[in-house]
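If you read the sequence shown in UniProt numbering, its first letter stands for residue 1, the second for the next number, and so on.
Glycine included, C-beta positions come from ideal geometry on N, C-alpha and C.
Owing to the predicted nature of the structure, the values given are computational and were not obtained by experimental measurement.
Have a look at the structure below before the remarks.
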Amino acid sequence: MHALRSGMDVKAYAESVGRARTSVSNEVLAARVADVVTNVGHDLTGMFVQLRKIHAAPRWLWPALVERLVTEGLTVEATRKLVADLKDVVAPPSWAGADALPRS
1 MHALRSGMDV
11 KAYAESVGRA
21 RTSVSNEVLA
31 ARVADVVTNV
41 GHDLTGMFVQ
51 LRKIHAAPRW
61 LWPALVERLV
71 TEGLTVEATR
81 KLVADLKDVV
91 APPSWAGADA
101 LPRS
């Protein structure tokens, strides 16, 4: 979370803390998802890899995917497959009640 809110780009942040850029980049992806789903009310710290995988899904699906991650205790592989199955899903039109869906 600190890297996400530091105001620095990933490369500069990684250099400033002496860590690999790819590690920091992955942490930022996971933090972006965690930052959006504040309504989950669950400690997500042990779900870093799954959150990083969820980042690849359409953003409007993040809350539902994290909810499923938490309630079902999805493994990394199950999360990866779920995201792969949903990555091209288009958001429903507003007339279908899409405005009621959680958004970031």
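Which value, in whole angstroms, describes the spacing of the CA atoms of W62 and V17?
-> Rounded to whole angstroms, W62 to V17 spans 29 angstroms at the Cα level.
If you drop the 5 nearest sequence neighbours on each side, which residues of the same chain put their C-beta closer than 8 angstroms to that of residue 115?
-> A query on residue 115 cannot be resolved here, the shown segment of the chain reaching from 1 to 104 and no further.
Comparing alpha-carbon positions, which option in L74, K87, E77 and K81 lies nearest W60?
-> K87
Tell me which same chain residues have a C-beta within less than 7 angstroms of the C-beta of L44, skipping the five on either side of it?
-> Closer than 7 angstroms at Cβ, skipping near neighbours: A34 and L51.
Take the Cβ of A30 as the centre, count every other Cβ of all protein chains shown within 10 Å, and call the residue buried at 16 or more, exposed below.
-> Label assigned to A30: buried.
Decide if E77 is buried, meaning its Cβ has at least 16 other Cβ atoms within 10 Å, or exposed.
-> By the neighbour-count rule (16 or more Cβ atoms within 10 Å), E77 is not buried but exposed.
Report the three-state DSSP secondary structure of T79 (helix, strand or coil).
-> helix
Span separating the alpha-carbon of A3 from that of T38 = 18 angstroms
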